[in-house]
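For the sequence shown, this note's numbering assigns the number 14 to the initial residue and increments by one for each residue that follows.
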Amino acid sequence: MHSGSGGSATNLSLAQYAELIQGLLAEFDCQIVLTAGPDESEKAHELAQLVGDSRLVIYDKNKGLVDFAHSLACADLFIAGSTGPLHLSSAFNLPTVGFYPNSRSSQPRRWKPINDPDKHLAFCPPAGKETQMNLGLISINRALVGIIPFIRRIWHIRDEFNV
14 MHSGSGGSAT NLSLAQYAEL IQGLLAEFDC QIVLTAGPDE SEKAHELAQL
64 VGDSRLVIYD KNKGLVDFAH SLACADLFIA GSTGPLHLSS AFNLPTVGFY
114 PNSRSSQPRR WKPINDPDKH LAFCPPAGKE TQMNLGLISI NRALVGIIPF
164 IRRIWHIRDE FNV
């Protein structure tokens with residue numbers, strides 16, 4: 014999970030990411046790796062502290078793009094805002110969950126990742142001039158209603174075919 018954006022896009026709040034992580038950890042016995050780009054390590058540590066669960070690990074090595082890409086290639090799922098790491102993980106055809114603004118220039122229809130269409134879920138705030146850029150309006154509880162079955166399906170497929 015990547016909670017940073019490098020300043021390139023609007024994003025969920027740390028509280029929303031914490032709620033998302035807590036919802037996933039309540040449902041799945043898994044480890045969640047929080048990735049952080051340059052100047053984002055403090056934010057990842059703050060998020061880990063907000064969640065307070067030993068199943069969180071922070072990956073903030075920042076030894077360059079190739080090293081970061083290698084770490085993404087090992088993931089079973091990647092969750093982020095509409096950022097470079099989301100698109101990089103999709104290049105490995107990883108299942109992805111993305112959070113996008115709802116403006117015409119930022120919608121997932123335009124910026125969806127290149128992984129298989131059945132391996133990506135996208136969430137946006139309500140449409141409208143006053144709301145389209147406010148990712149704080151995305152209900153994490155409602156998003157989890159879609160994310161949890163998506164993960165079950167993806168992880169079941171991976172187990173079934175031993176991919």
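In this text, a Cβ means the ideal position worked out from N, Cα and C, and glycines have one as well. It should be emphasised that the depicted structure is a prediction, and the values quoted were computed from it without experimental measurement.
- About 7 Å separates the CB atoms of K132 and T109; that is less than 8 Å, so the two are in contact.
- A86 and V64 do not touch by the CB rule: their CB atoms are close to 25 Å apart, not below 8 Å.
- In the structure shown, F163 adopts helical secondary structure according to DSSP, grouped into three states.
- Ranking L150, L37 and L25 by CA distance to the CA of L90 puts L37 first.
- A residue is called buried once 16 or more other Cβ atoms fall within 10 Å of its Cβ, and P138 is buried on that count.
- The residue among R165, L25 and I71 with its C-alpha nearest the C-alpha of Q44 is I71.
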